[in-house]
Amino acid sequence: MRWSWKLGELAGIDLRVHATFLLLPAWVGLRQILAGHGSDGVVSEVGFVLALFVCVVLHELGHALAARRYGIGTRDITLLPIGGVARLDSIPTRPSQEIVVALAGPAVNVVLAAAGFVWLSLAGPEAWLQRLVIANISLVLFNLIPAFPMDGGRVLRALLAMRMDRVRATGIAARIAQGFAAVAGVVGLFGNPTLLVLAVFVWMQAESEAGQVRLAAAEAVLARPMRVVTVRALAADATLGDGVRLVLTGPEQEFPVMQRGEVKGFVRRRELLAALARYGYGHPVLAVMQ
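Counting from -12, one number per residue, gives the positions in the sequence shown under the working numbering.
In structure tokens form, the structure reads like this:
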């Protein structure tokens, strides 16, 4: 991805950060300063955001490792201001595999939330960790919304694909996602710009997903080996004997009769054999042509 830098590797997968991601901690820190908080408040809030994005990276790693189980590689995991993106080499085409890969990410957040809850139960209340537990639960609920590009949208598409072809399933899932985006957009118009931006993003991603699947299906059809059919014809001056030789050496049910590059008519297999029995080998084909 352009304008991104490699931070390192995680389970053999490149971990990258996009240039725009750096705006997020800067914006969070600036908000704390403008709100009158001291350096401790700035460090605490920026630290929370970075910890949350560690959870996001682990979420994407869950997708990547689940995909690896089915022989699908991951190009990289990139951090963006809106979250993380694991770029898989391909999407599983078997619905059951797509469900596993889609749910692997939220499952990681469930484990993280459960671990945080256990820690809080043993060590007592801690506001920073409580927020992180709530954030992981929110990530699970948000990602299970049945709308592309969220994981719930992919689960919905996979469930539909168990009962119909993948292109149709994707189209239905995309329309549901765009319905969700339309509702979110209307709500966002009444004072929630974040929801409005999310609605536009979901709408565009749903359209993109449907288009990519249609394109892949078309490419698969075009990649199939083409069957070349050879049409054998009889000349206008051919005899029934010539026609019988074609009958005995091929499966055709009828043969075009050609004269000077033009089709003059057709002779059927059954009529050739009947005429042969009646008139003999030397009879002209034109006499029985339709």
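Note that beta-carbon positions come from the ideal geometry of N, C-alpha and C, so glycine has one too.
The C-alpha of S31 is placed about 37 Å away from the C-alpha of I86. Put simply, the backbone Cα of L147 is about 22 Å away from that of A94.
For T157, the enclosing alpha helix (DSSP H) stretches over residues R153 to L176.
For L143, the enclosing alpha helix (DSSP H) stretches over residues D138 to A148. Contact between the segment 70 to 85 and the segment 139 to 146 is present: 3 or more CB-CB pairs across the two stretches fall below 8 Å. Contact annotation: the segment 14 to 24 does not touch the segment 72 to 80, with fewer than three C-beta pairs closer than 8 Å. Here E(-4) is bridged, per DSSP, to D1.
Distances from the CA of V250 to each of G269, H270, L221 and L45 were compared; the closest alpha carbon is that of L221. Within the model, the alpha-carbon separation for V170 versus V29 is close to 35 Å. Non-local C-beta neighbours of A274 in its own chain, meaning closer than 7 Å and more than five positions away in sequence, are absent. In the same chain as T80, and ignoring 5 residues on each side of it, the C-beta atoms closer than 8 Å to its own belong to R153, in chain order. Assignment of E239 by DSSP, reduced to helix, strand and coil, places it in the coil class. By the Cβ neighbour-count rule, I69 is exposed, with fewer than 16 other Cβ atoms within 10 Å of its own.
Ranked by Cα distance from T65, the options E(-4), D224 and E239 are led by E(-4). Apart from the 5 residues on each side of it in sequence, G172 sits with its Cβ closer than 8 Å to the Cβ of L182, L183, A186, V187 and W190 in its chain, given in chain order.
Annotation: the continuous beta strand (DSSP E) that includes R74 extends over G70 to L75. If only complete runs of 3 or more residues are kept, the segment 78 to 107 shows no beta strand (DSSP E) anywhere. Excluding residues up to 5 positions away in sequence, V127 lie with their Cβ nearer than 7 Å to the Cβ of V97 in the same chain. In the DSSP assignment, the residues bridged to A222 are M245.
A distance below 8 Å between beta-carbons, with the five flanking residues on each side excluded, links N123 to the following residues of its chain, in chain order: C42, N96, V97, L99, A100 and G103. Assignment of T181 by DSSP, reduced to helix, strand and coil, places it in the helix class.
Annotation for A53: V87, V88 and A91 place their beta carbon closer than 6 Å to its own, counting only its chain and skipping 5 residues before and after. Cβ neighbours of A193 within its own chain (closer than 6 Å, five residues either side excluded): F135, A161, A164 and Q165. For V72, same chain residues with a beta-carbon under 6 Å away, outside a window of 5 residues either side, are T65 in chain order. Only exposed fits E113, as fewer than 16 other CB atoms lie within 10 angstroms of its CB. Comparing alpha-carbon positions, the option among L116, G111 and V4 lying closest to G34 turns out to be L116. Take I132, set aside five residues on each side of it, and the residues of its chain with a beta-carbon closer than 8 Å to its own are G139, G140 and F167, in chain order.
With contacts defined as CB atoms closer than 8 Å, L9 and V36 fail to qualify as a contacting pair.
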